[in-house]
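Please read the structure below before turning to the comments.
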Amino acid sequence: MPATTPPPRELHERIIDWFGVHRRSLPWRDDPAPWRVMVSELMLQQTPVVRVLPVFEAWMERWPTPADLAAEPSGEAVRAWGRLGYPRRALRLHAAATAIVADHGGEVPSTYEELLTLPGVGDYTAAAIASFAYGRRAVVLDTNVRRVFARVVEGVQYPAPTVRRAERDLATSLLPDDEDRAAAWAAATMELGALVCTARSPRCEACPVADLCRWRAAGYPEHDGPPRRGQAWHGTDRQCRGALMAVVRDADGPVAPEVVAASWSDAAQRERCLDSLLDDGLLDLTPDGRLTLPG
DNA sequence: CATCCGTGGGA
DNA sequence: TTCCCAAGGAT
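The numbering of the first sequence is our numbering, which starts it at 2 and goes up by one.
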């Protein structure tokens, strides 16, 4: 029953050892070639592993290198993205591949700073690629790691809505000095959050640091403060855009406006979303006014 | 810094 | 059924 922050060495040891035994076999983990890691990370942004698996395999089969992807129209990436959601990620991955070919000799860059310049690659993804693909020492702070730290170290049920300075400093202070160990730590803490220290009904009986966990020691206090706001869905532009995209994505060729219109009844919202999709580059207009994925 | 951006499955 | 949320990023 620790009264204060658990000793980092003990955390490192136990969580990394646990990872050695319980780590999942994942295609981007078993063969962590940089491009594979990068593709997986973009796909995994806000999308569960099980849904990513089949799309990832097909993607890598078709586009084994950034150059392979960059050589095709962005619309092909959007179609191959399927129903993973947030299709702008497909556009960003295509743009990133193009940038990798143009500016990095076709090789996924290895440093956090270079990775951060790529479209679709933010703080988390840059750190993840540097760490998982290149074994670099990087602060990998995703939703899983944040939850683990919130509970074990801070003693609260959930992390704050956004990463603040103090939280980043904590994560930095916890990162092992040794490069290899830092990379193992990043993967291990993520996996612990994904498999054991889950958002709902955590499996504390299977946790290697349960006896060091401040949240557990405190008796699992419920989250207090403002309620955690979920995202609305029904009737939103997001739902509308998704419906419109599905029609074009699942069609063989260009789709007539009337066909697209049938998928969303609210005309004003439909037009607004159509405009935004064209503006985003997720859709294109043919000369005769039909809708296609971008060429 | 808050909001927007898809989708589907489990509790 | 409804609600929650899953390896975030861009603006």
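C-beta atoms are modelled at their ideal positions from N, C-alpha and C, and glycine is treated no differently.
Measuring straight from C-alpha to C-alpha, what distance separates residue i and residue j?
i, j, result
"residue 141", "residue 128", "5 Å"
"residue 57", "residue 156", "36 Å"
"residue 16", "residue 172", "15 Å"
"residue 347", "residue 46", "Residue 347 lies beyond the stretch modelled for the chain, which goes from 2 to 296, so this question has no answer here."
"residue 11", "residue 207", "17 Å"
"residue 72", "residue 222", "53 Å"
"residue 165", "residue 256", "46 Å"
"residue 277", "residue 210", "47 Å"
"residue 230", "residue 158", "15 Å"
"residue 102", "residue 187", "28 Å"
"residue 6", "residue 163", "22 Å"
"residue 269", "residue 286", "19 Å"
"residue 61", "residue 80", "14 Å"
"residue 302", "residue 63", "Beyond the ends of the chain as shown, which are 2 and 296, falls residue 302; an answer cannot be given."
"residue 55", "residue 87", "17 Å"
"residue 267", "residue 242", "12 Å"
From the options, pick the residue whose C-alpha is nearest to that of residue i; which is it?
i, options, result
"residue 145", "121, 36, 195", "195"
"residue 203", "270, 153, 109, 41", "153"
"residue 93", "72, 119, 85, 285", "119"
"residue 168", "185, 179, 150", "150"
"residue 95", "288, 283, 290, 287", "283"
"residue 1", "240, 6, 34, 84", "Summary: the structure shown does not reach residue 1, with the chain confined to residues 2 through 296, and so no result is reported for it."
"residue 170", "139, 185, 25", "139"
"residue 48", "105, 143, 235", "143"
"residue 290", "267, 265, 254", "254"
"residue 236", "264, 124, 225, 226", "264"
"residue 125", "42, 247, 233", "42"
"residue 134", "31, 247, 234, 161", "31"
Are the CB atoms of residue i and residue j nearer to each other than 8 Å?
i, j, result
"residue 19", "residue 200", "no"
"residue 175", "residue 9", "yes"
"residue 121", "residue 147", "no"
"residue 294", "residue 258", "no"
"residue 296", "residue 83", "no"
"residue 98", "residue 111", "no"
"residue 215", "residue 205", "no"
"residue 177", "residue 23", "no"
"residue 85", "residue 37", "no"
"residue 275", "residue 245", "yes"
Which residues does DSSP pair with residue i in a beta bridge?
i, result
"residue 293", "285"
"residue 141", "DSSP output for residue 141 lists no bridge partner at all."
"residue 256", "292"
Need the endpoints of the alpha helix (DSSP H) that residue i sits in, please.
i, result
"residue 235", "Unbroken run through residue 235: none, as it is neither H nor E."
"residue 62", "50-63"
"residue 75", "75-82"
"residue 224", "Segment: none, residue 224 is in no alpha helix (DSSP H) and carries neither H nor E."
"residue 21", "9-23"
"residue 27", "Where residue 27 is concerned, there is no enclosing alpha helix (DSSP H), given that its DSSP letter is neither H nor E."
Say the cut is 7 Å; is the CB of residue i nearer than that to a heavy atom of the ligand SAM?
i, result
"residue 92", "The ligand SAM is not part of this structure, which contains no ligands at all."
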